[in-house]
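Here's the structure we're looking at; comments come further down.
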Amino acid sequence: MPFVGMENESVLTEQLRKIFTEHANKDGQMGKEELKKAFRKLGAMFPNWRAQRALQHADADGDGIISISEMDDLVKYAFGLGHKIENLTPASKSYSRRESEEPNRSSFSDKDGQISKEKGHNML
Numbered sequence: 001m002p003f004v005g006m007e008n009e010s011v012l013t014e015q016l017r018k019i020f021t022e023h024a025n026k027d028g029q030m031g032k033e034e035l036k037k038a039f040r041k042l043g044a045m046f047p048n049w050r051a052q053r054a055l056q057h058a059d060a061d062g063d064g065i066i067s068i069s070e071m072d073d074l075v076k077y078a079f080g081l082g083h084k085i086e087n088l089t090p091a092s093k094s095y096s097r098r099e100s101e102e103p104n105r106s107s108f109s110d111k112d113g114q115i116s117k118e119k120g121h122n123m124l
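Mapping the sequence shown onto UniProt numbering, position 8 (from 1) lands on 8, and the numbers just tick up by one.
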């Protein structure tokens, strides 16, 4: 990710925090479903996978929920992915640098669109 000045980093982290809190439940907590919705809004190519990874990075007590006290770690994780907030629209396809480097299904599928066992193993 390119160097981000302290002022810009602060603005970006606050924007990320706002997106996550908008998707939190009434208690201000986020489970996997809320995380998926937030990462989808951020333009993640694989929001389900991103939600799972976010829980692994930020869920310090392992209860499967991102609480208010764990929000800073969630924001740090999302910031490290390089999402570009300014380009967000409902139909945004502004994927993070890291996600654009991840394998896509079409590069591993056969002519019929199916992924063979061997090719599926290569995706991991």
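Backbone N, C-alpha and C define an ideal beta-carbon position, used for all residues, glycine too.
Predicted model only: the values in this text are computed from it and were never measured.
Local conformation of residue i per DSSP, three classes
i, result
"M71", "helix"
"I19", "helix"
"T13", "helix"
"D63", "coil"
"G82", "coil"
"N8", "helix"
"K76", "helix"
Below 8 Å, can you find three or more Cβ-Cβ pairs linking the region 31 to 39 to the region 59 to 76?
The region 31 to 39 vs the region 59 to 76: in contact.
Report the start-end ranges of each alpha helix (DSSP H) in the region 30 to 60 that is 4 residues or longer and not cut off at the edges.
32 to 41, 47 to 58
Please confirm if the region 49 to 56 is in contact with the region 9 to 17, defined as three or more CB-CB distances below 8 Å between the two stretches.
no
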